[in-house]
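Remarks on the structure that follows.
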């Protein structure tokens with residue numbers, strides 16, 4: 001999506017800010033004066049935001065580089081009469097305004113990021129109009145402060161690869177206008193292509209199941225085979241090189257692994273992450289949480305009550321929110337969510353969701369949480385529950401539970417099964433314009449699954465739903481997010497003809513429209529592969545983590561993809 005933005009700068013500044021510089025020797029040799037862009041007095045000084053504000057340092061536009069400027073012969077329009085503040089020539093007409101345009105990006109621009117457009121003029125002016133590729137207006141009547149305009153390059157399609165012409169029209173107070181142009185070549189890699197070669201962890205059984213963005217990279221959680229069996233692990237992947245920073249940190253035995261099952265990870269602050277997983281204990285399980293500080297320092301491990309399990313977590317300030325279940329009998333659970341202290345795991349609040357006793361007298365129906373996310377000022381938990389179907393047999397249906405940040409229940413929604421008999425919500429993600437999106441699967445009883453995605457308003461109203469067209473192949477979603485352009489990114493698994501299940505990451509424009517790009521990763525061995533988790537940075541770069549089979553054993557992988 002193309003997002004024009006006006007940015008203020010220090011008054012009277014003559015040169016492009018954030019690293020944009022003028023060739024003062026060339027300007028002086030041409031006989032140009034170096035006046036302020038404005039004619040009036042200025043107020044309090046303001047500063048120009050860094051061009052990479054809010055962006056991963058490796059992906060934002062490099063604010064320390066400049067493109068070569070082009071001097072153009074200005075077109076001059078004479079006003080009806082010159083104002084008292086205007087500059088007149090010997091013939092009494094307004095003096096021409098010479099204009100040069102500068103951008104802060106190298107050309108070609110190969111990375112997504114911000115483009116700062118700044119302008120030099122030969123004498124003070126009152127306002128600017130900036131156009132792209134002819135007469136497409138970016139900003140009209142902009143104040144004469146540099147940079148005059150800032151716009152985003154967010155993918156190969158916005159504003160689009162190729163050569164673009166930026167034209168600035170300067171308007172002086174006496175009615176005289178001048179203009180100049182600068183070309184910018186954009187050549188961003190296609191969406192879904194690799195930023196660096198995929199990282200694959202060799203060795204025995206291992207896989208990644210959770211990812212969280214922190215700084216220039218991601219913290220990941222997963223599992224690893226040791227002499228004592230499978231253990232939950234955490235590590236960090238450098239975003240610039242695609243390599244782990246140190247060895248995996250072993251946390252403890254793990255009883256459940258995979259997308260929608262954990263281990264899961266969340267970042268709290270600049271140097272702290274928390275990993276949650278299901279710990280086997282005495283023939284049952286407990287939820288477990290460990291704090292990990294920057295540098296791989298492992299803190300204390302906290303555990304929940306016997307019979308509990310955790311599949312997802314998120315962080316809000318100094319509170320961790322865990323989503324999972326509590327076993328009430330073998331194979332049967334109540335959906336659970338816990339609000340605990342990030343400092344010592346004290347349980348602040350505990351919420352249980354189960355069918356009311358009038359519907360399920362002996363509590364034999366299964367309810368499980370699969371994911372949790374902060375959406376605006378709410379906490380949204382998604383998962384699945386058993387309800388009677390058309391033939392009175394139990395079927396699974398998506399459940400969406402909305403809470404306040406401090407755990408007060410707000411509303412619940414259960415899928416009516418309007419298209420297929422069964423469905424499940426495996427992941428939830430917030431939307432930039434408000435509301436949230438839920439992905440998972442749907443199917444008729446005893447048939448293959450189809451990947452199902454639903455859109456909800458901020459008030460929890462179902463707005464739209466979408467199935468991916470894979471009628472003959474089992475498919476499901478395990479993670480979902482929205483990028484800077486508003487594309488929905490989904491990760492999961494897709495079975496294809498003549499292969500087993502493959503890891504699947506793809507982007508869609510919304511409820512309607514064909515996928516914009518997709519990545520299908522088929523491990524070299526025989527076994528189900530899955531993309532279990534996503535992390536999207538501020539500029540839409542996609543980190544995808546999961547597991548793929550090598551021989552008869554899974555191995556972990558990490559991808560970083562262009563928006």
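Numbering (UniProt numbering), first residue to last: 1 to 563. Virtual Cβ for every residue (Gly too), placed ideally from N, Cα, C.
- Here the alpha carbon of residue 170 sits roughly 39 Å from the alpha carbon of residue 216.
- Listed in chain order, the non-local C-beta contacts of residue 334 below 8 Å within the same chain comprise 325, 326, 328, 352, 353, 354, 363, 367, local neighbours out to five positions each way being set aside.
- Between residue 296 and residue 376 the beta-carbon gap is near 34 Å, outside 8 Å, which marks them as no contact.
- Contact between the stretch 376-388 and the stretch 415-434 is established, with three or more Cβ pairs separated by less than 8 Å.
- The closest CA to that of residue 476, considering only 466, 483, 485, is found on 466.
- Excluding the 5 residues flanking it on each side, residue 505 has same chain C-beta neighbours closer than 6 Å at 491, 519, 531, 544, in chain order.
- In the DSSP annotation of this structure, the continuous segment of the beta strand (DSSP E) that includes residue 394 starts and ends at 394-404.
- When secondary structure is reduced to three states using DSSP, residue 156 falls in the coil class, being assigned neither helix nor strand.
- By the criterion of at least three beta-carbon pairs nearer than 8 Å, the stretch 217-231 is not in contact with the stretch 173-185.
- Using a Cβ-Cβ distance cut-off of 8 Å, the stretch 263-273 and the stretch 208-215 are in contact, since at least three pairs of beta carbons, one from each stretch, lie closer than that value.
- The beta carbons of residue 97 and residue 166 sit no closer together than 8 Å.
- By a beta-carbon distance limit of 8 Å, residue 121 does not contact residue 561. Their separation comes to about 42 Å.
- Taking the Cα of residue 338 as reference, the smallest distance to any Cα among 360, 313, 197, 359 is reached at 313.
- The C-alpha of residue 159 is placed about 22 Å away from the C-alpha of residue 431.
- Closest in alpha carbon position to residue 419, among 397, 412, 413, is 397.
- Taking C-beta atoms as the reference points, residue 231 and residue 243 fail to come closer than 8 Å.
- The beta carbons of residue 563 and residue 540 sit closer together than 8 Å.
- Between residue 503 and residue 307, the alpha-carbon positions lie close to 31 Å from each other.
- Here residue 345 has 289, 302 as same chain residues with Cβ atoms under 7 Å from its own Cβ, once five neighbours each way along the sequence are excluded.
- Considering only 294, 240, 451, 322, the residue with the shortest C-alpha distance to residue 278 is 322.
- Annotation: the stretch 105-175 contains the following complete segments of the beta strand (DSSP E) (minimum length 3 residues), in chain order: 113-121, 127-132, 136-142, 149-153, 162-171.
- In the structure shown, residue 199 adopts extended strand secondary structure according to DSSP, grouped into three states.
- Note on residue 461: under 16 other CB atoms within 10 angstroms of its CB, so exposed under the neighbour-count rule.
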